[in-house]
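Some notes on the structure that comes next.
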Amino acid sequence: MIRVLLVDDQPLIRSGFRALLDLEDDIEVVAEAADGKEGLALIREHLPDIALIDIQMPVVDGIEATRRIAADPALARVHVVILTNYGLDEYVFDALRAGAAGFLVKDIVPEDFLHAVRVAARGDALLAPSITRKLINRYIAQPVNTSTGTGLEKLTSREREAVALVAQGLSNDQIADHMVISPLTAKTHINRAMAKLDARDRAQLVVLAYESGLVAPRNH
Numbered sequence: 001m002i003r004v005l006l007v008d009d010q011p012l013i014r015s016g017f018r019a020l021l022d023l024e025d026d027i028e029v030v031a032e033a034a035d036g037k038e039g040l041a042l043i044r045e046h047l048p049d050i051a052l053i054d055i056q057m058p059v060v061d062g063i064e065a066t067r068r069i070a071a072d073p074a075l076a077r078v079h080v081v082i083l084t085n086y087g088l089d090e091y092v093f094d095a096l097r098a099g100a101a102g103f104l105v106k107d108i109v110p111e112d113f114l115h116a117v118r119v120a121a122r123g124d125a126l127l128a129p130s131i132t133r134k135l136i137n138r139y140i141a142q143p144v145n146t147s148t149g150t151g152l153e154k155l156t157s158r159e160r161e162a163v164a165l166v167a168q169g170l171s172n173d174q175i176a177d178h179m180v181i182s183p184l185t186a187k188t189h190i191n192r193a194m195a196k197l198d199a200r201d202r203a204q205l206v207v208l209a210y211e212s213g214l215v216a217p218r219n220h
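If you're matching positions, the sequence shown starts at 1 in UniProt numbering and goes up one per residue.
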């Protein structure tokens, strides 16, 4: 059973998502909250698998809530999925850096929404290739920050290759095909890279890959 907690200050949004989730046999909504402060308290109480958190809320916003969840070892197994109205707005990148596993646009179709919840529950990042391209575009006008160590020197060459492919938006199966290895081996490379780089999930690997210059953005 996938346990989900909803945090959004708009009651209609919460009720809409809950109605969809309650219809699924493998998903349970354990609680709802109308702001980030209340959401954090309920997340600590219920320890959900997925926390669906609105990015802009009163009291404590989604970015700060995500940052506090990521910093709390007791919440290490909680996957944060950010909800936004605008696709990749100016706040989403900050949310990914804070520790979010990905994000969903609120006008997502129901089938895609349910699929995304299950993907996040598996520990995979919600970063479709289209979203990854937008992240890349965000970096085109920004210089690479090489003033601090990135930890990439800890990675083997194969791990670095796998991280670079993650940053291009490839799935485990696609990475396996590209590297001519099994999907399990690809997943192992990625998991080891995450552990060495202290990354919570694939989303943070994407951010790190571009910040470190491991992957260079290309303007298409």
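The beta carbon of each residue, even a glycine, is placed where N, CA and C say it ideally should be.
Partner residues in the beta bridge of H79, as assigned by DSSP, are I50. Under the three-state reduction of DSSP, T84 is assigned to strand. Within the UniProt domain "HTH luxR-type" (148-213), the complete alpha helix (DSSP H) segments of 4 residues or longer fall at 157-167, 172-179, 183-197 and 202-212, listed in chain order. According to the DSSP assignment, V4 belongs to no alpha helix (DSSP H) but to the beta strand (DSSP E) extending over I2 to V7. In terms of Cα proximity to V119, the closest of V207, A33, V30 and R202 is R202. Distance between G213 and D22, taken at the CA atoms: about 43 Å.
The C-beta separation of V163 from A193 comes to about 5 Å, placing the pair in contact by the 8 Å criterion.
Residue environment for V215: buried (at least 16 other C-beta atoms within 10 angstroms of its C-beta). A Cβ-Cβ contact shorter than 8 Å links G39 with A65. The C-beta separation of V78 from A51 comes to about 6 Å, placing the pair in contact by the 8 Å criterion.
For A71, there is no enclosing beta strand (DSSP E); the enclosing alpha helix (DSSP H) covers residues G62 to A71.
Residues of the same chain with a CB within less than 6 Å of the CB of G99, apart from the 5 flanking positions on each side, are T66, A70 and R200 in chain order. Beta-bridge pairing by DSSP links I27 to I2. Sequence-distant Cβ neighbours of V80 in its own chain, meaning closer than 7 Å and more than five residues away, are A51, I53, T66, I69, G99, A100 and A101. Classified as exposed, E111 has fewer than 16 neighbouring CB atoms from the shown chains inside 10 Å of its CB.
For V119, the enclosing alpha helix (DSSP H) covers residues P110 to A121.
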